[in-house]
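Structure record follows, encoded as structure tokens.
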Amino acid sequence: MHQLDWIAVSLFFLVMIVIGLWSYRQVSDSGDFFVAGGKLPWWLAGISHHISGYSGAVFVAYAAVAYTHGFTMYVWWAFMISIAVFVGAFFIAPRWSRLRSKTNIESPTEYLKTRYNLPTQQLMAWCGVLLKLFDVGAKWAAIAILLHGFAGTSLLFGILLAGGISLIYITVGGLWADIWTDLAQFVVQIIAGFAMFFIVLSMLGGASGLFTLWDQLPEQNSQLFNEPYTAGFAFTFLIIYFFSYNGGTWNLATRYISSSSGSEARKAALFSGALYLIWPLILFFPMWAAPIIVPGLEDPSQSYVKITQELLPPGLVGLVLASMFANTMSMTSSDANTISAVITRDILPNLSKKFKDMKYKQSLLLARSTTFIFTGLTLIVAIYADVFGGVLGLIVFWFGALLGPIAIPMILGLLPMFRNCDSTAAIVSIVGGLTGFIIANFVLDVSQAGLLGIPIGVSFILFTSIGWFSRHKSVSEEVDTLIDKLQMDK
Numbered sequence: 220m221h222q223l224d225w226i227a228v229s230l231f232f233l234v235m236i237v238i239g240l241w242s243y244r245q246v247s248d249s250g251d252f253f254v255a256g257g258k259l260p261w262w263l264a265g266i267s268h269h270i271s272g273y274s275g276a277v278f279v280a281y282a283a284v285a286y287t288h289g290f291t292m293y294v295w296w297a298f299m300i301s302i303a304v305f306v307g308a309f310f311i312a313p314r315w316s317r318l319r320s321k322t323n324i325e326s327p328t329e330y331l332k333t334r335y336n337l338p339t340q341q342l343m344a345w346c347g348v349l350l351k352l353f354d355v356g357a358k359w360a361a362i363a364i365l366l367h368g369f370a371g372t373s374l375l376f377g378i379l380l381a382g383g384i385s386l387i388y389i390t391v392g393g394l395w396a397d398i399w400t401d402l403a404q405f406v407v408q409i410i411a412g413f414a415m416f417f418i419v420l421s422m423l424g425g426a427s428g429l430f431t432l433w434d435q436l437p438e439q440n441s442q443l444f445n446e447p448y449t450a451g452f453a454f455t456f457l458i459i460y461f462f463s464y465n466g467g468t469w470n471l472a473t474r475y476i477s478s479s480s481g482s483e484a485r486k487a488a489l490f491s492g493a494l495y496l497i498w499p500l501i502l503f504f505p506m507w508a509a510p511i512i513v514p515g516l517e518d519p520s521q522s523y524v525k526i527t528q529e530l531l532p533p534g535l536v537g538l539v540l541a542s543m544f545a546n547t548m549s550m551t552s553s554d555a556n557t558i559s560a561v562i563t564r565d566i567l568p569n570l571s572k573k574f575k576d577m578k579y580k581q582s583l584l585l586a587r588s589t590t591f592i593f594t595g596l597t598l599i600v601a602i603y604a605d606v607f608g609g610v611l612g613l614i615v616f617w618f619g620a621l622l623g624p625i626a627i628p629m630i631l632g633l634l635p636m637f638r639n640c641d642s643t644a645a646i647v648s649i650v651g652g653l654t655g656f657i658i659a660n661f662v663l664d665v666s667q668a669g670l671l672g673i674p675i676g677v678s679f680i681l682f683t684s685i686g687w688f689s690r691h692k693s694v695s696e697e698v699d700t701l702i703d704k705l706q707m708d709k
């Protein structure tokens, strides 16, 4: 990398730290730290929800799929996410905001104690925290691979650099720091993404390159589905994305929880869904063109790095790298903030009485401490990512397959039609889904779609079946009242 590139990356990191320090003044208690005091405007929540769904994995693992399999990458990723978020905008997103305004929650799992019971809440909280350790660790590993490709630095250096900067601003500024850095990161991503798009488009002969590109690639690269990324694979991911992007991935639920009302949360979801529908078409275009620009790569995960180095002048290379850092740091820092809320609000108070009814300053100190410790643990996972199957293995299979069993009781528990699904349904569905993952992964010989679909399918069937058999049983007044409160803003 050129000196100008390092200057661009350094300025980006400096801005992140400055935002974190500035946000410090907006945080007076754990409510500000975890849910921005419930004052998040819809447009900012929508941008944050969108940008928090990206990471450096998009430019490593997903770029490799775009290089080898073409347009199907957009179909089973961005397009399916947009559909999932659009549907959730009407059925799920508003309920998260109403939970905060009507029950004063600060973490996504806090309401589960009332909705089910304490053991169910603790099972889901602990499983989710452990799952996020692997997911966030994979994101750090992905950004380290990118930095290694650009500058030849060690993976350890890249992990500690990105993780260290995030550790500072998220620990100091909480969700406000996370939200404002998301906005800054979105701006950087837009500038860098358009720069790459127009440079590649010019190289392909102008606007006509949008269509002639596919004539220069293998025929299957222009298809909607390209083995092993079949229609079944895409549909499986649509189901996973529905539960993930509507709150099963807890940091995304926090964007809705922090909105001022249900209608504001709905607008945020619609905005995020629209961004997923449109922006990835521009972002992925250079990745689809990569086989023409840098043909015959032995390691397709380096394709985006290679075309960036091939096409961009000094300074812009650093800007593109900064945008990749932006994506990863947005997702990982928001994860750390949300997991800290779960640990602080839902786990620690049930382990020791000294964590209950803490004063404002004490709760804020605990929030910052748990954020720091969790982020540090994810960096350790990142350093040993290869042990768990590499970046794609961690993100797509471990996280994708294990997310469903945890998310199903959490998301469906918000809806009136599942009010008869009690704690038994929740626990059995979680255990059954995890068992299904183990059998599919280590016993059966199934496709990728099967590996991902079996856990969430088993969990859904168990949860809904137990609820159906319990349909004539009375529901506690506490649960009825909770679900009814989520119907309307007033």
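All residue numbers for the sequence shown refer to my numbering, where the first residue is 220 and numbers rise by one. For every residue, glycine included, the Cβ atom is placed at its ideal position computed from N, Cα and C. All values derive from a computational prediction rather than experimental measurement.
Residue i classed as buried or exposed, judged by whether at least 16 other C-beta atoms fall within 10 angstroms
i: valine 294; result: buried
i: histidine 756; result: Outside the shown range of the chain (220 to 709) lies residue 756, about which nothing can therefore be said.
i: glycine 595; result: exposed
i: histidine 269; result: buried
i: phenylalanine 413; result: exposed
i: methionine 629; result: buried
i: tyrosine 603; result: exposed
i: aspartate 401; result: buried
i: glycine 424; result: exposed
i: valine 237; result: exposed
i: arginine 244; result: exposed
i: tryptophan 211; result: It is not possible to answer for residue 211, since the shown part of the chain is limited to 220 through 709.
i: glycine 371; result: exposed
i: valine 391; result: buried
i: proline 499; result: buried
i: histidine 221; result: exposed
i: serine 242; result: buried
i: serine 582; result: buried
i: alanine 361; result: buried
Contact set for residue i: own chain, Cβ-Cβ below 8 Å, skip 5 residues either direction
i: threonine 333; result: Thr322, Glu697, Val698 and Leu701
i: histidine 367; result: Ser373, Leu374 and Gly377
i: leucine 337; result: Asn569
i: cysteine 640; result: Pro628, Leu631, Gly632, Phe682, Thr683, Ile685, Gly686 and Ser689
CB of residue i within 9 Å of CB of residue j, strictly
i: tyrosine 388; j: glycine 239; result: yes
i: leucine 530; j: isoleucine 418; result: yes
i: arginine 474; j: leucine 259; result: yes
i: serine 326; j: serine 552; result: no
i: aspartate 224; j: valine 536; result: yes
i: phenylalanine 688; j: isoleucine 627; result: no
i: threonine 339; j: isoleucine 646; result: yes
i: threonine 449; j: serine 666; result: yes
i: glycine 272; j: arginine 319; result: no
i: alanine 363; j: alanine 381; result: yes
i: aspartate 565; j: leucine 394; result: no
i: serine 463; j: arginine 317; result: no
i: valine 355; j: asparagine 465; result: no
Same chain only: Cβ atoms within 6 Å of residue i, ignoring 5 sequence neighbours per side
i: isoleucine 625; result: Met343, Cys346 and Gly347
i: isoleucine 558; result: Val348, Lys351 and Phe593
i: threonine 589; result: Ser559, Ile562 and Thr563
i: glutamine 442; result: none
i: lysine 704; result: Lys321
Proximity test, residue i beta-carbon vs the ligand ADP heavy atom, cut-off 8 Å
i: tryptophan 395; result: As for the ligand ADP, it is missing from this structure, which has no ligand bound.
Sequence-distant residues of the same chain with beta carbon closer than 7 Å to residue i, five excluded per side
i: alanine 308; result: Arg485, Ala488, Leu489 and Gly492
i: methionine 506; result: Ala282, Ala285, Tyr286, Ser522 and Tyr523
i: alanine 227; result: Gly534, Gly537, Leu538 and Ala541
i: leucine 611; result: Because leucine 611 sits at a pLDDT of 49, beneath the cut-off of 50, its placement in the model cannot be relied upon, and the following sentence gives the value as read from the coordinates. Around leucine 611: Ala280.
i: isoleucine 398; result: Ala255, Leu259, Leu263 and Ser267
Contact belief for residue i with residue j at Cβ below 8 Å, rounded distance in angstroms
i: glycine 676; j: alanine 644; result: Not really, about 15 Å apart at Cβ, beyond 8 Å.
i: alanine 668; j: glycine 428; result: Not a contact, Cβ separation roughly 33 Å.
i: alanine 508; j: leucine 432; result: 6 Å
i: serine 477; j: valine 254; result: 4 Å
i: asparagine 440; j: phenylalanine 298; result: About 16 Å; that fails the 8 Å criterion.
i: leucine 436; j: proline 510; result: 6 Å
i: glutamine 404; j: methionine 543; result: Rounded, the Cβ-Cβ distance is 10 Å, inconsistent with contact.
Identified DSSP bridge partners for residue i
i: serine 478; result: Leu259
i: tyrosine 330; result: Per DSSP, none; premise fails for tyrosine 330.
i: asparagine 445; result: Tyr448
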